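Presented below is the structure to which this report refers.
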Amino acid sequence: MQVAEASNGLGALVVHEMHLLYGAKFAQQWEGLTPRELKDSWNQKLAGLGESHVRRGLTACLTREWPPTLPEFLKLCCPWLTPEVAYHEAVRGVSARRRGEIGNWSHPAVYWAAVGVSTVDLLNSNYGAIKARWERTLAEELSKGAWPDIPEPRAALPAPGQTLASRAQAEAALKKMGTGKLLEPRSRSHREWIEKWEARIALGGHPTKAIAEMLTHAKHSANPERI
């Protein structure tokens, strides 16, 4: 069977490119169809996809020794149709949003499925543990046919120890927690206050810049000969 070269439509484009990539392998796979029937069949199955989707699938074919079946090609064009592929994309996307980036999303349904499952569960579960819920949620999102835009991420939280606060802000915050006196080294001995903060830091605590400066000053006042 001779395969018709591309003339019009995505079906013709795929048939032409598959013939260039696979030659007789592709022709034998579709033996029994006329060139027109072959092109029309691909056109029908690719309905609703854009050229960018189709070219993504064709690019994926470059690593395949044998031509894909039509269902396989659709998954190459639309990776979100494969739940596990979409899951790993969602994990990467959610992690990016935690850093204040929008993330790389192949389809908005993947993002909204991630929201539906919850980002906490996505980041703290492996695929096996979340598989059934993920597949169900993704299928529900894909069936909607229309999706809101993916929103911009919230600003990333500062890294521990990088929060800047004035003395007044630190006092107000600690007063709410009932620990305001920790900011008053002169209300008790410098050494006692220093030791409490050193113990907190040893356990992983991160003083704000204002408290760190006060701690340095308190150490200097308590032991001037050591500075």
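Throughout, our numbering is defined as the position within the sequence shown, counted from one, plus 426. All C-beta atoms, glycine included, are put in the ideal place defined by N, C-alpha and C. All of these numbers come straight from a predicted model, not from anything done at the bench.
Where Thr485 is concerned, the enclosing alpha helix (DSSP H) starts and stops at Glu477 to Cys487.
In the same chain as Ile556, and ignoring 5 residues on each side of it, the C-beta atoms closer than 8 Å to its own belong to Tyr513, Val543, Asp547 and Leu548, in chain order. Contact between Pro494 and Leu502 holds: CB atoms are separated by about 6 Å, below the 8 Å threshold. Within the model, the alpha-carbon separation for Ala636 versus His643 is close to 11 Å. Taking C-beta atoms as the reference points, Pro577 and Gly526 fail to come closer than 8 Å. Its chain contains Gly529 and Asn530 as the residues whose beta carbon lies nearer than 8 Å to that of Arg518, once the 5 sequence neighbours on both sides are disregarded; these appear in chain order. Each residue's CA atom was taken as its position, placing Leu568 and Arg626 some 49 Å apart.
If you draw a straight line from the Cα of Ala540 to the Cα of Leu564, it comes to about 8 Å.
Put simply, the backbone Cα of Val441 is about 7 Å away from that of Lys465. Ile576 carries a coil assignment under DSSP once its states are collapsed to helix, strand and coil.
Annotation: the continuous alpha helix (DSSP H) that includes His442 extends over Gly435 to Tyr448.
Approximately 3 Å separates the beta-carbon atoms of Trp468 and Gly437; this is inside 8 Å, confirming the contact. Rounded to whole angstroms, the Cβ separation of Trp492 and Lys451 is 6 Å, and the two are in contact under 8 Å. By the criterion of a C-beta distance shorter than 6 Å, Lys471 is surrounded in its chain by Leu496, once the five residues flanking it on both sides are discounted. Here Trp560 is near Pro509, since their CB atoms are less than 8 Å apart. Sequence-distant Cβ neighbours of Ala522 in its own chain, meaning closer than 6 Å and more than five residues away, are Gly529.
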